[in-house]
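At position 462 of the sequence shown the residue is numbered 462 (full-length UniProt numbering), and the sequence of numbers has no breaks.
Every residue, glycine too, gets a C-beta built ideally from N, C-alpha and C.
Below is one structure, written out as structure tokens; the observations come after it.
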Amino acid sequence: MLHPVLFRTTIICLFSAALLHTAPPIYYEKTTEPLPNPERGWHRYRNYDDLWGLGEMRQRTETLIYGRVYVPHYRDRSLPEEFLTDTLQNLFDQARNHGLKVNFRLTYSAAEDEPDAPLEIVLHHIEQLTPLFHKNKDVLNVVAGGFVGAWGEWHASHHDLTEPENREAIINALMEAIPKDRMFLMRYPQYKRDHTGGDIDDLATGLRKEDAFSDLPIARIGHLNDCFVSSETDVGTYHRHGRTKELAWLGHEAPYLPWGGETCQVHEYNNCERTLEEMELLRVNYLNRDYNRDVHDLWEEEGCFEEIHRRLGYRFVLEKAYIPAHIAAGNHLQVTPTLTNTGFGELYNPRPLEAVLQEHSTGTTYRARLFEDPRFWTAGKSHTTTWYLSIPEDIPAGDYSLGIALPDADDSLRTDHRYSVRFANNHVWDSTSGVNVLRDSLRIVPPDTTSRGYTRFEEVFPDTTALISHSEKT
């Protein structure tokens, strides 16, 4: 039996060859402006009990909080119920109120001579945090290290938490506690390989594309570097195997995992040329804007800071699209866009992709969930795809706009357009609907003898009425 995806690809290729150029291309104007897109960019350091300045962040196109939970007073006891349900809940509530998401890190130590907590306390706290993580999954971006050692960076543990057996217990507990479609970022690449059975000399033992975004641990453990481009080993990050081997390994996994962190000192390695090269290799999604400012000043002086600001994470630029100017109801509409991901990274949390049809005079809106997973829109590459959208036979004739939307995957944020992805183009983004408009004027006329009798707006196989996604009308 032919695999459904291969069947779909074959059909699309056959029909695309015949129909691709039946409409003249629409070209889109790019913008170099930074964009406040979700789950990417600079994050701002905010302790859970001092959440100041959140209202100003989106004005600076920043959408992530480094949600630091420093709890030295709970090294030997349970987290109180009111601390979980009131104090920490407020961290997530405030993020949600301001259109932000949280990179969560709990730590017991703020210096190498400060103790962390014993293993049994760490495991108990992770268990206590589980309901909080699940309740606030909508604004939980990643769990960024934490729990072990100084600053939660998985070194200088006073309770031997970095010993293999203890590490395994903590990682296993986190894999159970964190929602299955959210990721944990590991400070040292070797610790991930130890957990997943990876071999640095065999890239095939790393994360493969076919396993990406699954619930396997190898697909749910991303990478954290708290001393990015800050020494030959990034202050111990690459101490065991050296920079060249580690970068090759990390670059192999990078398209399918989040990567975040910060710089920690001025060094010859954080010149602009090397920094940009490694950001592209590692698919850097976010960095700490509050540390290290001396390095950021260096990037300003050398002229790459604004480029970094724009390109952290994904950045989708529409290049062109083939879309007919009119269609008869009851037929399918062929839409063939080309876009380029000019960012350093990719999407990594689930995100639906929708086609949106809106009637001009009434505002009636039809949405079709598309089969494609935008997490595979690879950084540094152009991407051309073709969708076939069935136009209902009973749709009112008139003028419509056609666009695509990438809303948040969580129902609680789906209609909050602060969490929708905006393309890096002028005259495309509709802030009232959270839609990137591909064609502003699409004339739909009454059905004719060519009608296929479609009853819903959705993506279809072009030679059948087989449906591959659901649709909605609002």
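For Phe423, the closest alpha carbon among the candidates Thr432, Thr342 and Arg452 is that of Thr342. In the three-state reduction of the DSSP assignment, Leu88 falls in the helix class, which pools H, G and I.
Scanning Glu300, His360 and Arg418 for the CA closest to the CA of Cys272 turns up Glu300.
Here the alpha carbon of Val356 sits roughly 10 Å from the alpha carbon of Leu438.
Setting aside the 5 residues that flank it on each side, Arg443 is surrounded in the same chain by Ala325, His326 and Asp399, each with a C-beta closer than 7 Å to its C-beta; the list follows chain order. If you look at Val295, you'll find it isn't in any beta strand (DSSP E); it sits in the alpha helix (DSSP H) that goes Arg293 to Glu302.
Contact between Tyr269 and Ala219 fails: their C-beta atoms lie close to 30 Å from each other, not under 8 Å. Annotation: the continuous alpha helix (DSSP H) that includes Pro131 extends over Leu119 to Lys135. Scanning Lys137, Tyr348, Asn166 and Glu307 for the CA closest to the CA of Thr32 turns up Glu307. Assignment of beta-bridge partners to Lys320 by DSSP yields Tyr27 and Thr338. Pairing Ala379 with Ala254, the inter-Cα distance amounts to about 10 Å. By DSSP's assignment, Asn103 forms a beta bridge with Tyr66 and Val142. When secondary structure is reduced to three states using DSSP, Thr365 falls in the strand class.
Within a 10 Å sphere around the beta-carbon of Pro392 sit 16 or more other beta-carbons, which makes this residue buried. Here His159 is buried, its C-beta having at least 16 other C-beta atoms within 10 Å. Taking the CA atoms as reference points, Leu140 sits about 28 Å from Pro164.
If you draw a 10 Å sphere on the C-beta of Trp52, you find fewer than 16 other C-beta atoms in it, and that means exposed.
Annotation for Asn172: the continuous alpha helix (DSSP H) segment containing it runs Pro164 to Ala177. Secondary structure at Ala156: coil, using DSSP grouped into helix, strand and coil. For Gly41, the beta-bridge partners assigned by DSSP are Tyr286. The criterion of a C-beta distance shorter than 8 Å is satisfied by Asp138 and Leu413.
If the five residues before and after Glu354 are omitted, its C-beta is found closer than 8 Å to the C-beta atoms of Arg367, Ala368, Arg369, Leu370, Ile404, Ala405, Leu406 and Pro407, all from its own chain and listed in chain order.
Taking C-beta separations shorter than 6 Å and ignoring five residues to either side along the sequence, the partners of Val435 in its chain run Val356, Gly403 and Ala405, following chain order. Each of Ser420, His124 and Gly149 was checked against the Cα of Pro350, and the nearest Cα belongs to Ser420. With respect to the 8 Å criterion, Pro131 and Met175 are not classified as neighbours on the basis of their beta carbons.
In the structure shown, the three-state DSSP call for Phe305 is helix. In the displayed model, Gly403 falls within a strand according to three-state DSSP. The C-beta separation of Thr336 from Tyr322 comes to about 4 Å, placing the pair in contact by the 8 Å criterion. Counting C-beta atoms within 10 angstroms of its own C-beta, Arg193 has 16 or more neighbours from the protein chains shown and is therefore classed as buried. For Arg220, the enclosing alpha helix (DSSP H) has its first and last residue at Pro217 to Arg220. In the DSSP assignment, Ala328 forms a beta bridge with Val445. Using a Cβ-Cβ distance cut-off of 8 Å, the stretch 72-89 and the stretch 103-114 are in contact, since at least three pairs of beta carbons, one from each stretch, lie closer than that value.
Non-local beta-carbon contacts of Thr275 in its own chain, meaning distances under 6 Å to residues more than five positions away in sequence, involve Val229 in chain order.
With a 10 Å radius around the Cβ and a threshold of 16 neighbouring Cβ atoms, Ala117 comes out buried. Glu39 and Ser382 have their C-alpha atoms roughly 21 Å apart. In the structure shown, the three-state DSSP call for Trp249 is helix.
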